[in-house]
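The sequence shown begins at -12 in the numbering used here and counts up one residue at a time. Glycine residues also receive a C-beta, built at the ideal position from the N, C-alpha and C atoms. A quick note: this is a predicted structure, and the numbers were derived from the prediction, not measured.
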Amino acid sequence: MNAVDTLSAPRLPALLLLLASAGSLLAAFFFQYVIGLQPCVLCIWQRWPYAAVIVMAGLILLIKPGPRARAALLALCGVAFLIGGGIAVFHVGVEQHWWTGTPGCGVPASATSVDALRAQIMAAPVVRCDQVAWSLFGVSMAGYNILISLALAVMALAAAARAAIGGAGERLRSA
-12 MNAVDTLSAP
-2 RLPALLLLLA
8 SAGSLLAAFF
18 FQYVIGLQPC
28 VLCIWQRWPY
38 AAVIVMAGLI
48 LLIKPGPRAR
58 AALLALCGVA
68 FLIGGGIAVF
78 HVGVEQHWWT
88 GTPGCGVPAS
98 ATSVDALRAQ
108 IMAAPVVRCD
118 QVAWSLFGVS
128 MAGYNILISL
138 ALAVMALAAA
148 ARAAIGGAGE
158 RLRSA
């Protein structure tokens, strides 16, 4: 596989999605391990769609699927980004106290003894989901993740549509 083949028009969206996903995960890990901002449970959940897209976009680049399979993988990338955006919307709602978070977002007060309470506290996440750890211009990381996820979803779904239409054209020409 040479660089020109990798950057060919049908596979360029996959490369861009892979780079954007890897960049997003690298930014999250930078904030966690270099800056010292520990993620909450919802922050961790928001990383999974990016990892899934890296795998799917990587498959497109490595195995060179036909137009139908490429369109399906790109559409799945779009769905993954929509799921990630949905998790981010939920997280922003928790941060803004519009609704409560998941049980993993804090320590529930259900202990019946001091030992049980101690065990709950020790098992609790380090960071609460309803507290904004970092923001820029009043927008939290989860808020930026909404914007990034939705933009990448549009890109992936548009690329999937182009691949599907292009594949249909190729099938008609060969018939």
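Original post:
At which residues does the alpha helix (DSSP H) containing residue 1 begin and terminate?
Top reply: -1 to 16
Original post:
What do you get for residue -2, buried or exposed, if any count of 16 or more other CB atoms within 10 angstroms of its CB means buried?
Top reply: buried
Subject >> Reduced DSSP category for residue 123 - H, G, I as helix; E, B as strand; rest coil >> reply: In the structure shown, residue 123 sits in a strand (DSSP, three-state: E or B).
Original post:
Where does the unbroken alpha helix (DSSP H) through residue 84 begin, and where does it stop?
Top reply: Neither: residue 84 is in no alpha helix (DSSP H) and is coded neither H nor E.
Original post:
Anyone know if the C-beta pair for residue 150 and residue 44 falls short of 9 Å?
Top reply: No. Outside cutoff.
Subject >> Burial state of residue 32 (16 or more Cβ within 10 Å) >> reply: buried
Subject >> Spatial distance of residue 92 from residue 81 (CA atoms) >> reply: 9 Å
Subject >> Cut-off 6 Å between Cβ atoms - residues of its own chain near residue 105, not counting five sequence neighbours on either side >> reply: none
Original post:
Is the number of C-beta pairs between the region 19 to 26 and the region 67 to 75 that are closer than 8 Å three or more?
Top reply: no
Original post:
Thinking just about the alpha-carbon of each residue, which of 122, 103, 147 is nearest to the one in residue 63?
Top reply: 147
**OP:** Starting from residue 46, trace the alpha helix (DSSP H) both ways and give me its first and last residue.
**Re:** From DSSP, the alpha helix (DSSP H) with residue 46 extends over 28 to 50.
**OP:** Check each candidate in 118, 123, 75, 99 and name the one with the smallest Cα separation from residue 136.
**Re:** 75
Original post:
Rounded C-beta distance between residue 38 and residue 12? I'm assuming under 8 Å.
Top reply: 7 Å
Original post:
residue 138: buried (16+ other C-beta within 10 angstroms of its C-beta) or exposed?
Top reply: So residue 138 ends up on the exposed side.
Original post:
Nearest to residue 144 by CA position, among 30, 132, 40, 28, is which residue?
Top reply: Of the candidates 30, 132, 40, 28, the one whose C-alpha sits nearest the C-alpha of residue 144 is 40.
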